[in-house]
DNA sequence: AAGTGAATTACGGTTTCCCATAAGAAAAGG
DNA sequence: CCTTTTCTTATGGGAAACCGTAATTCACTT
């Protein structure tokens, strides 16, 4: 049963609508946080008093605004929260739609649910909370399809590393040195060239510019 | 005086919060549209009955979802609305923050206001409506600063053209042919090289990959 | 119409990138 | 322990990009 909820969301307007949605679900014990640090703090405080939260609804991205923060965003917040209250349910409510990121939420961060800020988001929010209340996870199916469709080529850490370096303006011939410095195994220039060729081939690209842009849009870099 | 308002916004949650904000301003004649076409239609209908709208609050981007639409987004909507009801005030409420786009809204589309979906957006929304009610435009100052700061190099149409072609995978040496086909004047390979060098130099880049990414983030391509 | 200045284009040399092939090292299997 | 397989690295030739310079064109002035 979801009784007490914390909303971590820097956008005032988004906060308002989540609140209203919760009210429609007859949840009236709601706390707000406009910063991740504050959210973690509220959760810790609640633990001390025994009046713990049942659900955290959080955005992924929080804009810096002068107030220095330790936690840089929703992902950091999830990690921190899991340490102090592992059983707390976490629902991510964000505009982020890039497949690579959502997969991370599922697998790496083990979020209980994800709702995208989109056309029917308020309705989906209700559904998600209903599912999570019954200890089920909520990740829309079409996300998966989206993932499979777009991720024609699944990038390895190595691939991302190379592309990141390229995007930073590192010369292709200088990449081996960078990799060796970080102790990454395949560091030969030929290996790099081969990987780049394979990726471009798989995605139907001809130039590195396209590859870099694609990874950016995908959220891989 | 703002009496009757139309909200064009596909996100259910955003729609809810705008509604609530309007209620706090004691505006209770509110109509909603989840599609641009529907928004235009509602405005036209209101004109026929004489019960016209005073303000349109619109997002910029509307997601396609099966229902085929003529107007593809907020910018199209503004153009269409100006034709049927030129004096209607238009306030753009969007997550878009790229300087190039906001400048377009100011100058090209002649919007009456812009509020970014951000930390204090609900408060800014109220301010904006107040200003527009007094026939003043509302574009936050920091937007301008942002513009000036980031736009270290101001790209010409020619620059954008080149970078777009690069981003599409066109070989640098093939760009002259593309430009000639579109009747663009400087089409020599040297001119293209020179431009690219100047841009990279101005922005402290060394590779085209960086340039392409930068333009993408800026919203220039 | 000729001269001047700015811009565009053409050209050559160097570096980087691309691609295929071969040599070498590590892992798998008998 | 040796062979086979697979992966990584090395090498070289050719294409593209980079960079400076010279020639040409174009616009504008007188």
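Protein chains in written order, with our numbering: chain A, 1 to 221; chain B, 222 to 442. No residue lacks a Cβ here, since even glycine has one placed at the ideal position from N, Cα and C. Quantities reported herein were computed from a predicted structural model and do not represent experimental measurements.
query	result
Residue 182 of chain A burial status per 10 Å Cβ neighbour count (16 or more: buried)	exposed
is_contact[residue 120 of chain A, chain B] using C-beta, thresh 8 Å	yes
Whole alpha helix (DSSP H) elements within the segment 84 to 160 of chain A, 4-residue minimum	99 to 107, 121 to 133, 141 to 150
Inter-residue spacing [alpha-carbon to alpha-carbon] between residue 265 of chain B and residue 317 of chain B	27 Å
Cutoff 8 Å; reference residue 391 of chain B; Cβ partners in own chain excluding five residues on either side	399
Interfacial residues, the segment 414 to 438 of chain B to chain A, with Cβ spacing under 7 Å	426, 427, 428, 429, 430, 431, 433, 434, 437
Chain B contact for residue 126 of chain A (CB, 8 Å cutoff)	no
Below-8 Å beta-carbon distance, residue 364 of chain B vs any chain A residue	In this prediction, residue 364 of chain B scores a pLDDT of 49, lower than 50, which makes its location untrustworthy; the coordinate-derived value is nonetheless stated afterwards. Judged by the 8 Å Cβ criterion, residue 364 of chain B is not in contact with chain A.
Inter-residue CB distance, residue 267 of chain B and residue 229 of chain B (contact presumed, cutoff 8 Å)	Contact doesn't hold; Cβ gap of about 13 Å is too wide.
Own chain, CB closer than 7 Å to residue 187 of chain A, minus 5 neighbours either side, in chain order	176, 179, 180
Simplified DSSP assignment, three categories, for residue 220 of chain A	coil
Residues, ordered as in the chain, of the segment 249 to 281 of chain B that lie near chain A by beta-carbon distance below 9 Å	255
Cα-Cα separation between residue 83 of chain A and residue 31 of chain A, rounded to whole angstroms	20 Å
Strand pairing of residue 6 of chain A, partner residues [DSSP]	A/31, A/56
Assigned secondary structure, residue 74 of chain A (DSSP; H/G/I helix, E/B strand, else coil)	helix
DSSP beta-bridge partners of residue 61 of chain A	A/73
Residue 276 of chain B versus residue 351 of chain B - alpha carbon distance	11 Å
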